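These notes concern the structure reproduced below.
Protein chains: 4
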Amino acid sequence: MANSEFQYVRLHETWDGLAPDNWIVVRIDGKGFSKFTKRYDFAKPNDRRAIDLMNAAAVEVVKQFVDIVVAYGQSDEYSFVFHEDTTLFDRRAFKLATTIATTFSVEYALQWPQFFPGQPLTRPFPTFDGRTVLYPKLRNLRDYLSWRQADCHINNLYNTTFWSMVQLGGMTPTAAELELKKWLNQNQGTVSADKNEILFSRFKINYNNEPEVYRKGSVVFREFDDPPPSTDTNIDPHSATNPPTPTQPHQTQTKPLSKTQAEKERKRRQKARVVVEHVDIIKDGFWDSRPWILASRG
Amino acid sequence: MANSEFQYVRLHETWDGLAPDNWIVVRIDGKGFSKFTKRYDFAKPNDRRAIDLMNAAAVEVVKQFVDIVVAYGQSDEYSFVFHEDTTLFDRRAFKLATTIATTFSVEYALQWPQFFPGQPLTRPFPTFDGRTVLYPKLRNLRDYLSWRQADCHINNLYNTTFWSMVQLGGMTPTAAELELKKWLNQNQGTVSADKNEILFSRFKINYNNEPEVYRKGSVVFREFDDPPPSTDTNIDPHSATNPPTPTQPHQTQTKPLSKTQAEKERKRRQKARVVVEHVDIIKDGFWDSRPWILASRG
Amino acid sequence: MANSEFQYVRLHETWDGLAPDNWIVVRIDGKGFSKFTKRYDFAKPNDRRAIDLMNAAAVEVVKQFVDIVVAYGQSDEYSFVFHEDTTLFDRRAFKLATTIATTFSVEYALQWPQFFPGQPLTRPFPTFDGRTVLYPKLRNLRDYLSWRQADCHINNLYNTTFWSMVQLGGMTPTAAELELKKWLNQNQGTVSADKNEILFSRFKINYNNEPEVYRKGSVVFREFDDPPPSTDTNIDPHSATNPPTPTQPHQTQTKPLSKTQAEKERKRRQKARVVVEHVDIIKDGFWDSRPWILASRG
Amino acid sequence: MANSEFQYVRLHETWDGLAPDNWIVVRIDGKGFSKFTKRYDFAKPNDRRAIDLMNAAAVEVVKQFVDIVVAYGQSDEYSFVFHEDTTLFDRRAFKLATTIATTFSVEYALQWPQFFPGQPLTRPFPTFDGRTVLYPKLRNLRDYLSWRQADCHINNLYNTTFWSMVQLGGMTPTAAELELKKWLNQNQGTVSADKNEILFSRFKINYNNEPEVYRKGSVVFREFDDPPPSTDTNIDPHSATNPPTPTQPHQTQTKPLSKTQAEKERKRRQKARVVVEHVDIIKDGFWDSRPWILASRG
Chain L
4 MANSEFQYVR LHETWDGLAP DNWIVVRIDG KGFSKFTKRY DFAKPNDRRA IDLMNAAAVE
64 VVKQFVDIVV AYGQSDEYSF VFHEDTTLFD RRAFKLATTI ATTFSVEYAL QWPQFFPGQP
124 LTRPFPTFDG RTVLYPKLRN LRDYLSWRQA DCHINNLYNT TFWSMVQLGG MTPTAAELEL
184 KKWLNQNQGT VSADKNEILF SRFKINYNNE PEVYRKGSVV FREFDDPPPS TDTNIDPHSA
244 TNPPTPTQPH QTQTKPLSKT QAEKERKRRQ KARVVVEHVD IIKDGFWDSR PWILASRG
Chain B
4 MANSEFQYVR LHETWDGLAP DNWIVVRIDG KGFSKFTKRY DFAKPNDRRA IDLMNAAAVE
64 VVKQFVDIVV AYGQSDEYSF VFHEDTTLFD RRAFKLATTI ATTFSVEYAL QWPQFFPGQP
124 LTRPFPTFDG RTVLYPKLRN LRDYLSWRQA DCHINNLYNT TFWSMVQLGG MTPTAAELEL
184 KKWLNQNQGT VSADKNEILF SRFKINYNNE PEVYRKGSVV FREFDDPPPS TDTNIDPHSA
244 TNPPTPTQPH QTQTKPLSKT QAEKERKRRQ KARVVVEHVD IIKDGFWDSR PWILASRG
Chain E
4 MANSEFQYVR LHETWDGLAP DNWIVVRIDG KGFSKFTKRY DFAKPNDRRA IDLMNAAAVE
64 VVKQFVDIVV AYGQSDEYSF VFHEDTTLFD RRAFKLATTI ATTFSVEYAL QWPQFFPGQP
124 LTRPFPTFDG RTVLYPKLRN LRDYLSWRQA DCHINNLYNT TFWSMVQLGG MTPTAAELEL
184 KKWLNQNQGT VSADKNEILF SRFKINYNNE PEVYRKGSVV FREFDDPPPS TDTNIDPHSA
244 TNPPTPTQPH QTQTKPLSKT QAEKERKRRQ KARVVVEHVD IIKDGFWDSR PWILASRG
Chain R
4 MANSEFQYVR LHETWDGLAP DNWIVVRIDG KGFSKFTKRY DFAKPNDRRA IDLMNAAAVE
64 VVKQFVDIVV AYGQSDEYSF VFHEDTTLFD RRAFKLATTI ATTFSVEYAL QWPQFFPGQP
124 LTRPFPTFDG RTVLYPKLRN LRDYLSWRQA DCHINNLYNT TFWSMVQLGG MTPTAAELEL
184 KKWLNQNQGT VSADKNEILF SRFKINYNNE PEVYRKGSVV FREFDDPPPS TDTNIDPHSA
244 TNPPTPTQPH QTQTKPLSKT QAEKERKRRQ KARVVVEHVD IIKDGFWDSR PWILASRG
């Protein structure tokens, strides 16, 4: 029963290494979460326990994989950003996507009792699917993160308005949806301001006073107590996109760290505090004040 | 803060639908399981609790996804076979791989306490990565499954011999490994018989009396109490590879079931008993007596 | 000026080997041929010289690549079918597509003067783009070829009718198009018969008397003077899709020919006559009487 | 004979659009050119007629496709660089590779008689295969081109030395190869200088006096009589890699030109002179003095 006669089937496996010099995003999404959230009576428009659980799971993922430089989450999705130079799993797409999705899903399931005590999980258990997306330029990556945060804002503004009309205004969901659609059609382009006004004038809710965790989503990254190593300190925050002046060949730029240096850097990252903040990542402020997050690796 | 200016980043997402008319295998593998099994003192060469847990998780995966026609597991890996005609998730590779990997991983984590009571899981939690592989012909799929079962046999025979030498024979692991290597080099091609003999003559162990669950691995599939629908009853067991006689166009063969029929079939599958057996799947017997497993869908 | 510092760019090249055990079709299409045919006053609806040139080029392509088992052409397109077991260029998609497309294009350009004497080619010169498509089952391949021949029929019937209305009926192109559209809308499902009738009743043209080269397109394949080797003679014409009975492992089926045998077979193919016929390839007759074309390779 | 029953085969065609925001290189290579060059008695180490023909073909390719910003050729290969923003053929890889490969191959075949009069082409005719490669950063693209030019230098130095030893030194090819290998092994790292010295001391050939067309290869690009439009004039030569400061969203950077502007730009490119030069493209000088070649498109 030697297996040599069957081994040809391995030739059907394909290599799935992702192109070098691209930022890798692994985005995960809750599977069937509209049903799931009803089954567990999630508060509307936002359930703080659920968001805290998402963030707790994401923090563990970031801690475990030091090549993740930043993660952004909102609703039932999370995006994990691997540095463009990562060689984790030889950049194999399926390894990356399934490892992140399973690590997150298991964290979510095992931490659930702490956030939803007295509501034990029943089948189908919550899971998160995942995919990889490549971004060639730092600009593309920034725009991707901006896209997700803008999406968070738009959805949350809509949901907050909708649920205020239902919960505080006593409208039926159907009536609220109809009225919102009408406004949206009449006021294309001024959507946000309009909805702000509805919220304020009807329900005395000032949207800008809503908690930032709902309006901005959650950003997960490393904070260092010690200053970053000297090669990074003087770095222009945008330097990761600045190629060396062309006289310097690429090799100089990405000369791999020596093994000792790399190990030292890995340990430094492992020791760093992984924090969660609810802040604007569309404008430059966040990135300018934390240059190490997207810095090129010397 | 409209997000339209950022939406171009979606163009970087690629379509990952798998080619039609191919059998889809999703194979999952335990991440870092050699460390993990040491951490939890798994019995060597096989830990029955661990195998039972793998199988319990696999059964739930098969129950949840009716397009999985058969699954095969051994050691810390499991292969789930989707019918060549499945349209689940539009055959998107990442959806398939991550959904199976996360569902399995969460089942494994949540069922753990029943199989390892008193040994609560600590981080890093066990997870399983996953990948998809396509097999164009039924013959290829059968050979794939044969490959995995032959691999199970070879590994288990080696491990049983090795651990007998250590546990019963009092050899050090290094000494046992050396002696086995020597034999292997001297007896290429007669490996299995040799190891059988060592086991028997030294430790009075007849390998063929070892439990089938270790020697054959585990096969998960559906058993039906009611006979399969009439279209399948008269079917030649190999019919899934027999194209219609070429005068019949393909359309006839794969004419999609009507919506009512498809729903009825789905329910029939959901009601079926999902069973685990430890049997030979390299020879034809298993498949011939269960023609519905790989049958084409009329 | 060593180039080692730049060699990392090779890592950006991706492997494009096509999946094993699939039939490979390379289809080429004339680039901008509606303009090109006007520039050279091609006869309408069909220009015999142009079709003869296409076929002459295709014959040379088939002669040069013995792993092409059959080719089918119509209008300004040609499909070249590589045997599912071919290892030409390690099955690399770009090698296959560009080699076939360039060989065909150069043949077309260099043979042009024989078919269009006195009409020298000017820029932009005619070229043909190309692509690869995989078909896992022989049934899929047969259906692909049927699709192209049915397409030939439908287009040719339409064009013959249209140009008869214009050339013989004295209608303007616009009027002819309108009238045809009206008929098509009124007679969905009975399209061909209708057009046949228009042709016949108005212009006394019996479509079935139109030359087969226009109605059926062109099939290019090998004819052998000597009978095929004994392993093939007793073969069921559909055997390429019949897997061996599952007790025979795959290895037996596709055991590679010995080097001497393979070389002998290659020479036999090179010596074969490459012929062009205009025959039905949708029904089984053509294939049944030439079993060697799609036969599995023993 | 409706073809609807066969149309499902189209589902087997896969989408091959290349990722946005990447530079696209189509590299073509002569098929079987070591045999071909012997058949037509190409001069060794370099045949000026052959190189002139390669360049003449490349110039026509660049003229025909205005989205090619630069091309680089040496020996029997040519690399055509499409701007990272090109939307030609919807960035479909096979369309791009086969169109360039066929256009080049047909030009080569049809211009052959002007460069090799009295030596008519016989079968197998010369053809060039092709492939696409993506480079995410301008730095990667520059390094790719440097890699090809460094390769040209290394090969040409070796070939010039080797053929001098044979043609002027009267050595057999085998003896020359052996002696060169010995030197190479003894003098790793100082290779070029060594070979220069051999050339000079033995054959009184100063390699640096060899024609630049052999030492540098050929660069094909557009020269404009009119200054480029004002948006480009003040541009930093490396600006294509400089993202806008992050406060400017991506949209601003790549806002597509208006239709009129785009058409005007296309015409401007079509009118430009396409030139061939044999110059260094590894250092910055070439690029700094021709900023329009790699400039971003505003």
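Protein chains in written order, with my numbering: chain L, 4 to 301; chain B, 4 to 301; chain E, 4 to 301; chain R, 4 to 301.
Ideal Cβ placement from N, Cα and C applies to all residues, glycine included.
These numbers were taken from a predicted model, which means no experiment stands behind them.
- Here Q264(E) is exposed: its Cβ has fewer than 16 other Cβ atoms, across all protein chains shown, within 10 Å.
- Taking a Cβ-Cβ cut-off of 7 Å, the neighbours of L137(L) in chain R comprise A22, given in sequence order.
- Across the stretch 116-148 of chain B, CB contacts with chain E closer than 9 Å involve L137, Y138, P139, K140, L141, R142, N143, R145 and D146, in sequence order along the chain.
- Cβ neighbours of L148(E) within its own chain (closer than 6 Å, five residues either side excluded): Y75 and I284.
- Here DSSP, grouped into helix, strand and coil, assigns Q152(B) to helix.
- At a cut-off of 8 Å between beta carbons, V12(E) contacts chain R.
- The DSSP-derived three-state label of Q77(L) is strand.
- For S37(L), no Cβ of chain B is located within less than 8 Å of the residue's own Cβ.
- Proximity to F206(L) across D197(L), F9(L), M168(L) and A298(L) peaks at M168(L), based on C-alpha coordinates.
- Taking 8 Å as the cut-off, the Cβ atoms of T135(R) and V28(R) count as close.
- Using a Cβ-Cβ cut-off of 8 Å, H15(L) counts as an interface residue toward chain E, since at least one Cβ of chain E sits closer than that to its own.
- Relative to the Cα of H156(B), the nearest Cα in the group V282(B), W18(B) and D19(B) belongs to V282(B).
- Straight-line spacing of the CA atoms in F97(R) and A100(E) works out to 8 Å.
- By the rule that beta-carbons nearer than 8 Å mark a contact, W18(B) touches chain R.
- Closer than 8 Å to the CB of S78(R) there is not a single CB belonging to chain E.
- For Q114(B), none of the residues of chain L pass the 7 Å Cβ criterion, the least Cβ distance being about 10 Å.
- Counting the other Cβ atoms within 10 Å of the Cβ of Q152(L) gives 16 or more, which makes it buried.
- In the three-state reduction of the DSSP assignment, W18(R) falls in the coil class, being assigned neither a helical nor a strand state.
- Between the stretch 81-97 of chain R and the stretch 66-73 of chain E there are fewer than three inter-stretch CB-CB distances shorter than 8 Å, so the stretches are not counted as touching.
- Pairing P48(E) with L183(L), the inter-Cα distance amounts to about 58 Å.
- DSSP, read as helix, strand or coil, puts E200(E) in helix.
- Taking C-beta atoms as the reference points, L160(L) and K198(L) count as a pair closer than 8 Å.
- Within the same chain, Cβ atoms closer than 7 Å to the Cβ of E63(E) are found at E110, the five residues on either side in sequence being excluded.
- Per DSSP, the continuous alpha helix (DSSP H) segment holding I103(R) begins and ends at A96 to F118.
- Taken through DSSP and simplified to helix, strand or coil, E226(R) comes out as strand.
- At least one CB atom of chain R sits nearer than 8 Å to the CB of A104(E).
- With respect to the 8 Å criterion, T130(R) and K34(R) are classified as neighbours on the basis of their beta carbons.
- For the pair F224(B) and D44(B), the Cα-to-Cα distance works out to about 30 Å.
- F118(L) places its beta carbon 8 Å or farther from that of R30(L).
- When Cβ-Cβ separations below 8 Å define contact, W150(B) makes contact with chain L.
- Contact with chain R is absent for K184(E), since none of that chain's Cβ atoms lies less than 8 Å from the residue's Cβ.
- The C-alpha of D291(B) is placed about 58 Å away from the C-alpha of F165(L).
- With a threshold of 8 Å between beta carbons, V279(E) makes no contact with chain R.
- A direct Cα-Cα distance of roughly 16 Å separates L21(B) from G20(E).
- Going by C-alpha positions, G133(B) is about 31 Å away from P120(L).
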